[in-house]
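Q:
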Amino acid sequence: MSQSSSLPPVDAVVIGTGAGGAPLLARLAQAGLKVVALEAGRQWNPATDFATDERAQAGLFWTDERLTAGSNPTAFGRNNSGTGVGGSTLHFTAYTPRAQPDDLRLHSEFGVGVDWPLTFDDLEPYYASLERFLGVSGPSPYPWGPAHDYPLEALPLNGAAQLMQRGCAALGIQTSPAANAALSGSYYTAGVGWRAACTNRGFCQAGCSTGAKASMDVTFIPLALHHGAEVRSGYFVTRFETDPATNRITGVVYTQDGLEQRQPCEHVFLCAGAIETPRLLLLNELANSSGQVGRNFMAHTGIQVWGRFADDVQPHKGIPGGLISEDTHRPHDADFAGGYLLQSIGVMPVTYASQVARGRGLWGTALRDHLLEYNHVAGINILGECLPYAGNYLELSDELDARGLPKPRVHFSFGDNERRLTAHAEALMRQIWGAAGATDIWAYPRSAHTIGTCRMGFDREDAVVNPDGRSFDVPNLYICDNSVFPSALSVNPALTIMALSLRTADRFLERAKRLES
Amino acid sequence: MTDEQREVQTTLSQLQRLLESDRVTPPTRDALRTRLLEPDPHRAFFTEPEFALLEVVSARLIPQAHSNLAAQVDARLAKGEGKGWRFDTLPPDGAMYQLGLRGLEELAQSRHGSRFAALSALEMDKLLLSVQRGEVSGGVWDALPAARFFTELLTELTELHYSHPLTQLEIGYTGFADAHGWQQIGLNSPRDSELER
Ligand SMILES: Cc1cc2nc3c(=O)[nH]c(=O)nc-3n(C[C@H](O)[C@H](O)[C@H](O)COP(=O)(O)OP(=O)(O)OC[C@H]3O[C@@H](n4cnc5c(N)ncnc54)[C@H](O)[C@@H]3O)c2cc1C
Ligand code: SF4
């Protein structure tokens, strides 16, 4: 590796440009700060780079190898980890429900897990402004939680969504078109411009080539650039330089094409996702006086139930994130803490075939026959609460990756709560699919999202960052991504990550102003 | 030409028509054409006997593949690419496959006194099934979790096979021809006649 060279200093370096990094990058630039984002992945041009082909799109996923351990080892890569300017939002399904107020008070309500160090009222204004800025399509009013409207009409329902509607109606479960951050009509935002409506291609999980889906690369990144931010893609951060006297970070070291560079800075916003963020901190032995870096790893319980229908479904058409029910947010017959939501799933062929191989173990003619029915399959899944446990954590292994850095090892096992919740959900989804007319119903147990490895809290003894996202140990380090969640929430995470991101930027700016006066 | 070959020919011409049309975006066309036309990569990772065995196993798991799946696995391993994660209880993918293949030979020897490739299809399938069920022990299998190895191999071959545009057409998937988007997306909506044979 060649010698490191140094660049002119900046006010802030943002590491990672996903749901946690991009919104605050834009907000800081808007406030007039000189900010630079360092992103390990590529800058894509969706119109010319994105093929409607799952294998060709594999480059959207983080493929540096991670070791997965425990009795319910969680899959990484395509399951939960993206890379590129836009991070995992490049391939997210764009379900954007808000958390409900009680989601943030799990411990008060059930005596397990922890409460968030902030309330729904702290997040609500950010949810509302995000929904306007991203152009979220959804029902008005939304039927669950505190009432609110969406700026755009709900998107049309595809076959899987209609089947879930049919099954739920028969059982008296309320459903609704989901809140989805894909545009149901063309949409204008200041600083970004016009974005075209969704054309129902159904390829959201392998990259949206039309820009209809509000991934960060077509929303907050253009806004940040508009306000003068700089984004350097293909830059992999490896080290922090610190001043031992003040404990502050003085520079961020990264490599590009094997060349080492140093970016001096006043502040650092670490937004590399819930695996790479704690990994970087552990590698640098930084911000960990609480011993909580890498601890409390959580992944949503995410069991899927599939079935075959006489109807022609064509499961690849329309946004895959179509229909939702939050009737199971706090089920009355629950024998577990928390709850879950139900969502319909569209599916692309390779993803489905892969799950059939992994989940059903079919091969030879049995596999072939099953896949010949591809156009007749539809699925539902849940996203459910997951509690933090001492045995679920990330550590550095002694195996090195291609960059010469230790691979992370993540231990994950369900506890009783996750097992009970999953059993409840599986029974219900089987009933729904039965009522909708499915045959050959089968369940694919899985876990989704990487959550909680740098938890936020009031107390420096058991949290890594304070409620503003600021490190207790390193005064000029902020963390904002899925790692700061103290509990998993029974909803998809991205909208809440973005809300925290904007809030973290605002708290930082307010503090800077206070210190100045 | 057999009926089956004739059917593949028909599917192939349908596919080529679709790929030339404006219903496929340029990056999609590039990706699928490459996959359709590129020759199978040369063996670069496995030894010759390992590779030959992998081809035999692959033909049991995925009969009627449209490309050499073993060659594509080999190429991936030679490039050091992966899916981004690995079970902690398994060695790195390349070593895992090599061990598992050796384990299959061991089983063929101990159960039938023969090389795996010389077994009948039924015998092969029975052996593979006992590996899939984890009902094997001794030798390699004391170190390698059999069921996990089987699932990893099956999943990789399955993904490769269903990534092939001919396979996709066979299962009635034309989602790659989406340059104009889709208007009819609900249940039982009429198929676009241009996309049908
Ligand atoms: C298939 C799929 C579907 C999903 N669907 C939904 C959904 O419908 N709704 C929802 O809310 N969520 C969904 N998610 C989850 C959502 O995408 C993530 O929760 C969210 O993007 C996480 O944000 P983040 O900021 O924590 O990390 P990311 O968005 O992953 O961003 C982290 C970024 O940091 C970069 N990085 C990491 N390490 C370094 C380094 N050392 N140097 C420089 N850069 C680095 C990475 O390249 C990446 O770009 C889905 C995820 C997947 C995989
Ligand atoms: S369904 Fe809509 S949002 Fe999703 S990839 Fe297609 S055009 Fe984009």
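Chains A and B, in that order, are what the protein sequence lines are. Mapping the first sequence onto numbering that gives the first Met the number 0, position 128 (from 1) lands on 127, and the numbers just tick up by one. Mapping the second sequence onto numbering that gives the first Met the number 0, position 12 (from 1) lands on 11, and the numbers just tick up by one. For glycine and all other residues, C-beta sits at the position ideal for the given N, C-alpha and C.
Mind checking the region 147-162 of chain A against chain B and listing, in chain order, the residues whose C-beta falls within less than 8 Å of any C-beta there?
A: Per Cβ criterion, the list reads P155, L156, N157, G158, Q161, L162.
Q: Starting from the N-terminal end, write out each residue whose C-beta falls within a distance shorter than 6 Å of any non-hydrogen atom of ligand 2.
A: With the cut-off at 6 Å, the residues found are A181/A, C197/A, T198/A, N199/A, R200/A, G201/A, F202/A, C203/A, C207/A, T209/A, A211/A, K212/A, I318/A.
Q: Against chain A, with Cβ distances strictly below 8 Å, would N67/B count as a contact?
A: Not closer than 8 Å to any Cβ of chain A, the Cβ of N67/B fails to qualify, so no.
Q: So, with DSSP's three-state summary, where would you put M0/A?
A: With a pLDDT of 43 at M0/A, under the threshold of 50, the modelled position of this residue cannot be trusted; read the value that follows with caution. If DSSP states are grouped into helix, strand and coil, M0/A belongs with coil.
Q: If I follow the unbroken beta strand (DSSP E) through W84/B, where does it start and stop?
A: Unbroken beta strand (DSSP E) run through W84/B: 84-86.
Q: Mind checking the region 311-328 of chain A against chain B and listing, in chain order, the residues whose C-beta falls within less than 8 Å of any C-beta there?
A: Here the close residues are D311, V312, Q313, H315, K316, G317.
Q: Residues of the region 161-193 of chain B in Cβ contact with chain A at a cutoff of 7 Å, in chain order, please.
A: Those would be Y161, S162, Q167, I170, G171, Y172, G174, F175, D177, G180, W181, I184, G185, L186, N187, in chain order.
Q: Mapping the DSSP letters down to three states, classify K212/A as helix, strand or coil.
A: K212/A: strand per DSSP, three-state reduction.
Q: So does P277/A have its beta carbon nearer than 7 Å to some heavy atom of ligand 1?
A: False, no ligand heavy atom lies under 7 Å from that Cβ.
Q: Can you pull the chain B residues whose beta carbon is under 7 Å from the beta carbon of F49/A, in chain order?
A: P26, listed in chain order.
Q: DSSP state of T254/A, grouped into three classes?
A: In the structure shown, T254/A sits in a strand (DSSP, three-state: E or B).
Q: Are C453/A and F268/A touching if we call contact CB-CB under 8 Å?
A: Contact: no.
Q: Would you list, in sequence order, the uninterrupted beta strand (DSSP E) runs of no fewer than 3 residues that lie entirely inside the region 381-429 of chain A?
A: Whole beta strand (DSSP E) segments, 3+ residues: 393-399, 405-410.
Q: Excluding five sequence neighbours on each side, which residues of the same chain lie with their C-beta closer than 6 Å to the C-beta of F75/A?
A: Cβ within range, chain order: R65.
Q: Cα separation between G134/A and I220/A?
A: Between G134/A and I220/A, the C-alpha separation is close to 15 Å.
Q: Apply the 10 Å Cβ neighbour rule to D73/B and answer buried if 16 or more other Cβ atoms are within range, or exposed otherwise.
A: Buried, since its Cβ has 16 or more Cβ neighbours within 10 Å.
Q: Nearest to R209/A by alpha carbon, out of T16/A, S288/A, R194/A?
A: Before going on, a small fix: residue 209/A reads as Thr here, not Arg. The shortest C-alpha separation from T209/A is found at R194/A.
Q: Taking a Cβ distance cut-off of 9 Å, strictly less, list which residues of the region 60-83 of chain A are near chain B, in chain order.
A: Those would be F60, W61, T62, D63, E64, R65, L66, T67, A68, G69, P72, T73, A74, F75, G76, R77, N78, S80, in chain order.
Q: Using 8 Å as the Cβ pair cut-off and three pairs as the minimum, do the region 172-180 of chain B and the region 138-145 of chain B touch?
A: With the cut-off at 8 Å, the region 172-180 of chain B and the region 138-145 of chain B do not touch.
Q: Is there a Cβ from chain B that is less than 8 Å from the Cβ of G15/A?
A: With 8 Å as the cut-off, G15/A does not count as an interface residue toward chain B.
Q: Taking only the alpha-carbon atoms, compute the straight-line gap between F44/B and A77/B and give it to the nearest angstrom.
A: Going from the Cα of F44/B to the Cα of A77/B covers about 5 Å.
Q: Using a Cβ cut-off of 7 Å, which residues of the region 132-162 of chain B contact any Cβ in chain A, in chain order?
A: If the cut-off is 7 Å between Cβ atoms, the region 132-162 of chain B has T150, L153, T154, T157, E158, Y161, S162 near chain A.
Q: Does the distance from the CB of R97/B to the CB of E158/B come in under 8 Å?
A: The question names Arg, yet the displayed sequence has Gln at residue 97/B. The answer is no: Cβ separation not under 8 Å.
Q: Taking the beta carbon of L22/B as the centre, do at least 16 other beta carbons fall within 10 Å, making it buried, or is it exposed?
A: One point to set straight first is that residue 22/B is Arg, not Leu, in the sequence displayed. By the 10 Å Cβ count, R22/B comes out buried.
Q: Check for me: the beta strand (DSSP E) holding H375/A runs from which residue to which?
A: Neither: H375/A is in no beta strand (DSSP E) and is coded neither H nor E.
Q: Between the beta-carbon of A159/A and the beta-carbon of A180/A, is there less than 8 Å?
A: No, Cβ-Cβ distance for A159/A and A180/A is not below 8 Å.
Q: Between E38/A and ligand 1, is there a pair consisting of the residue's CB and a ligand heavy atom that are separated by less than 7 Å?
A: Result yes, Cβ under 7 Å from ligand 1.
Q: Could you tell me how far apart the beta carbons of E584/A and V35/A are, in whole angstroms, since I believe they sit closer than 8 Å?
A: Past the edges of chain A, shown from 0 to 516, lies residue 584/A, and the structure says nothing about it.
Q: Using 8 Å for Cβ pairs, my map puts Q161/A next to T174/A. What's the rounded Cβ distance?
A: Not really, about 10 Å apart at Cβ, beyond 8 Å.
Q: Contact defined as beta carbons within less than 8 Å: I believe V463/A pairs with V292/A. What is the distance between those atoms, to the nearest angstrom?
A: At roughly 6 Å, the Cβ-Cβ gap stays under 8 Å, so V463/A and V292/A are in contact.
Q: Using DSSP with H/G/I as helix, E/B as strand and the rest coil, what is L122/A?
A: If DSSP states are grouped into helix, strand and coil, L122/A belongs with the helices.
Q: What are the start and end residues of each continuous alpha helix (DSSP H) run of 4 or more residues lying completely inside the region 59-138 of chain A, in chain order?
A: The region 59-138 of chain A contains these whole alpha helix (DSSP H) runs: 105-109, 119-133.
Q: For A55/A, return the contacting residues in chain B, with the cut-off set at a CB-CB distance below 7 Å.
A: Near A55/A (Cβ distances below 7 Å), the residues of chain B are A30.
Q: Can you tell me which residues form a DSSP beta bridge with C264/A?
A: DSSP output for C264/A lists V9/A as bridge partner(s).
Q: How would you label M0/B, buried or exposed, when you count the other beta carbons within 10 angstroms and need 16 or more for buried?
A: Looking at its Cβ environment, which holds fewer than 16 other Cβ atoms inside 10 Å, M0/B is exposed.
Q: Please give me, in chain order, every unbroken run of the beta strand (DSSP E) with length at least 3 that falls completely inside the region 272-310 of chain A.
A: You should have 297-300, 303-307.
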